[in-house]
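**Q** Heads up: the sequence shown is residues 26 to 216, going by the numbering used here.
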Amino acid sequence: MRDDRALEAFTEAVAGRLPGTWRPALADVRTSAALTEVYERLWDLGITQWALLEFANDRLGMLRDVQGRELVVLPRPLRQSRYLIAPLVPTGTDPGAVEDLTPFGLTVSGSPAQAAETVRRRLLPRLGYALLLAEERGVHPGQPSDDGYRRVRAATARTSLPTGTTPVVVYSAGPMSPATPIPGRDRVPAP
Numbered sequence: 026m027r028d029d030r031a032l033e034a035f036t037e038a039v040a041g042r043l044p045g046t047w048r049p050a051l052a053d054v055r056t057s058a059a060l061t062e063v064y065e066r067l068w069d070l071g072i073t074q075w076a077l078l079e080f081a082n083d084r085l086g087m088l089r090d091v092q093g094r095e096l097v098v099l100p101r102p103l104r105q106s107r108y109l110i111a112p113l114v115p116t117g118t119d120p121g122a123v124e125d126l127t128p129f130g131l132t133v134s135g136s137p138a139q140a141a142e143t144v145r146r147r148l149l150p151r152l153g154y155a156l157l158l159a160e161e162r163g164v165h166p167g168q169p170s171d172d173g174y175r176r177v178r179a180a181t182a183r184t185s186l187p188t189g190t191t192p193v194v195v196y197s198a199g200p201m202s203p204a205t206p207i208p209g210r211d212r213v214p215a216p
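#1: Please specify which runs of the alpha helix (DSSP H), each continuous and at least 4 residues long, are wholly inside the region 74-160, giving them in chain order.
#2: Considering only the beta carbon of each residue, do Leu113 and Val97 sit closer than 7 Å?
#3: Alpha carbon to alpha carbon, how far is Pro115 from Glu65? Give it in angstroms, no decimals.
#4: Closest Cβ-Cβ distance between Leu103 and chain C: below 7 Å?
#5: Below 6 Å CB to CB, which residues in the same chain sit around Glu124 once its five sequence neighbours on both sides are set aside?
#6: Looking only at its chain, what residues have a beta carbon closer than 6 Å to the beta carbon of Val39, apart from the 5 residues adjacent to it on each side?
#7: At the level of alpha carbons, what is the spacing between Asn82 and Arg48?
#8: Among residues of its own chain, excluding the 5 on either side of Ala59, which ones have a beta-carbon nearer than 8 Å to its beta-carbon?
#9: In angstroms with no decimal places, state the Cα-to-Cα distance between Gly86 and Arg147.
#10: Excluding the five sequence neighbours on either side, which residues of its own chain have a C-beta within less than 6 Å of the C-beta of Ala122, listed in chain order?
Below, the structure written as C-alpha cells:
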C-alpha cells in the first residue's frame, strides 16, 4: 500500500489539470460499509473493480466537478508508478439501471499531467455519453443541454440503430459534398 500523502498529492494535481472545476478529496474506506458504498457506485466492470475487491486501500482519491460527475482514484496494484481512475454512478441513480452504459475506468501514468490528459481525452467523453444516455432513459436527471451540443455528439457517436431506420450522421465541419467512388474499386473513400 502506498502513502496516502502521495495519493492525495496526485489527486490534487490531476484535479487542477482537468477541464472545468474539479474538487479533490480523500475518502476513508477502512470500514467495510464505506468500501461497499464506493464499490456499489463504481461504474467500471474491469480492473478498478478487481483492485477494489482484491487489494486493501485505506483511502481513495475522489474527484467531483460542478456538474455532479465523480471519479475515484486509487493506486494501481502491482504497478508502482500507475494509478486507476474510474467514474462513479451519479448519486441517486440505480447502478443496475445503467450497468450496460459502463464508461469503464483507466490505468494512468503516475505523472499528473499525463494522467489528466488521458482522462480528458479518453474517460470524460465516454462518461459524458453514458450520462447522456442515462438521462435519455430517465434514470439520471442530469444537467439540461440547452445548446444541443451534447445531443449532437451523442447522435453521431451511436453505434446501434433501431430496425428499419436510416443512419444519419451530423458533421460539424460545414456542408457535406457528395462522396465519389474510387474508379475500379466500387467503394467510397473514408473521410
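Note that CB positions come from ideal geometry on N, CA and C, so glycine has one too.
**A** Considering the structure as presented:
#1: Counting whole runs of 4 or more residues, the region 74-160 contains the alpha helix (DSSP H) stretches 137-143.
#2: For the purposes of this step, residue 113 is identified with residue 88 of the sequence shown, where counting begins at 1. For the purposes of this step, residue 97 is identified with residue 72 of the sequence shown, where counting begins at 1. Yes, these two residues count as a Cβ contact at 7 Å.
#3: In the sequence shown, counting from the first residue as 1, residue 65 sits at position 40. In the sequence shown, counting from the first residue as 1, residue 115 sits at position 90. About 11 Å.
#4: Reference to chain C is not applicable here, since this structure consists of a single protein chain.
#5: On the sequence shown, position 99 is the one that residue 124 refers to. Excluding sequence neighbours, Glu124 sits near nothing in its chain.
#6: Translated into the one-based positions of the sequence shown, residue 39 becomes position 14. Pro137, Ala140, Ala141, listed in sequence order.
#7: If you number the sequence shown from 1, residue 82 lands on position 57. If you number the sequence shown from 1, residue 48 lands on position 23. So the two alpha carbons sit approximately 21 Å from each other.
#8: Here residue 59 is taken as the residue at index 34 of the sequence shown, counted from 1. Excluding sequence neighbours, Ala59 sits near Ala52, Asp53.
#9: For the purposes of this step, residue 86 is taken as the residue at position 61 of the sequence shown. For the purposes of this step, residue 147 is taken as the residue at position 122 of the sequence shown. About 19 Å.
#10: If you number the sequence shown from 1, residue 122 lands on position 97. Excluding sequence neighbours, Ala122 sits near Val164.
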